[in-house]
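So in this note's numbering, the last one in the sequence shown is 240, and the numbering has no gaps at all. Here a beta-carbon is modelled for each residue, glycine too, at the ideal position from N, C-alpha and C. Remarks on the structure that follows.
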Amino acid sequence: MIRLAPIVTIDGPSGSGKGTIAKMLADRLGWHFLDSGALYRVVGLLAEQQGITPDSPGMLGDLARTMPLRFDSEGRVLLANADISDAIRTEQAGNAASRVAAVPQVREALITWQRSYVRPPGLVADGRDMGSVIFPDAEVKIFLTASTEERAMRRYNQLKEKGLNVNLARLTAEIQERDERDRNRSVAPLVAPAAALEVESTNLSIDQVYLRVLERVREALPNLHWD
């Protein structure tokens, strides 16, 4: 099968910085950007609104296939033209996403959607199974991680900056629970993909992580045009 464009995948647990790094890299390269977690967050949000639980996998799969979702040119997440960008970034939405992500019918429904993002000049995809399941033949695979405490603190600061009242201990416990669920689910568990560059970022700045990732991309794709 001929691929339309090169792919860089950036995987990792919640709070590892994968979304930030992926967006920085996509902007630097002028490539398309896939935030796969947003898809699961939307499914999780809709499932909660409609009272659909993981005990109804068929209904969740149908929901994932038919949701009227699109991303506009400014990166906003639109559901039937309603902007839900902020609604899907809450901890509640993140936990809902983790629960529906363990449902095989949901993951199957979203595979085609995710792979449709591959188009010239290239794609940077972030998530939890981008390099291991969705794009196993990606030219570059990155796996980011950090200690639970550091990831919880990063998320705590993000939420506080938005003016939200959050509890660090509760947030840490929720991240631990989500990690456990994501790593031990039977379908597409969170793992470091084969041949991935693993970066432990607990004591690194975003810029330091970005430079390591950028160096790996330059090594793997030497023919790219760099300004």
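Taking the CA atoms as reference points, A138 sits about 23 Å from E163. Taking C-beta atoms as the reference points, A115 and R198 count as a pair closer than 7 Å. Counting other Cβ atoms within 10 Å of its Cβ, Q118 reaches 16 or more and is therefore classed as buried. Contact check for G57 against A93 fails: the beta carbons are separated by 7 Å or more. Measuring C-alpha to C-alpha distances from N180 to each of M166, E61, D192, T158 identifies M166 as the nearest. The residue from K175, P26, Y53 with its alpha-carbon nearest to that of A77 is Y53. Counting the other CB atoms within 10 Å of its CB gives G176 a total below 16, which places it among the exposed residues.
The Cβ-Cβ distance between T215 and A159 falls below 7 Å. Under DSSP, E104 takes part in no beta bridge, so it has no partner. Minimum Cα-Cα distance from D220 among the listed residues G25, M37, T22, P19 corresponds to M37. About 15 Å separates the Cβ atoms of L234 and V131, ruling out a contact at the 8 Å cut-off.
Checking the DSSP bridge columns, you'll see K154 partnered with T22.
By the beta-carbon neighbour count (other beta carbons within 10 angstroms, threshold 16), D195 is buried. No residue range can be given for E87, since it is assigned to no beta strand (DSSP E) and is classified by DSSP as neither H nor E.
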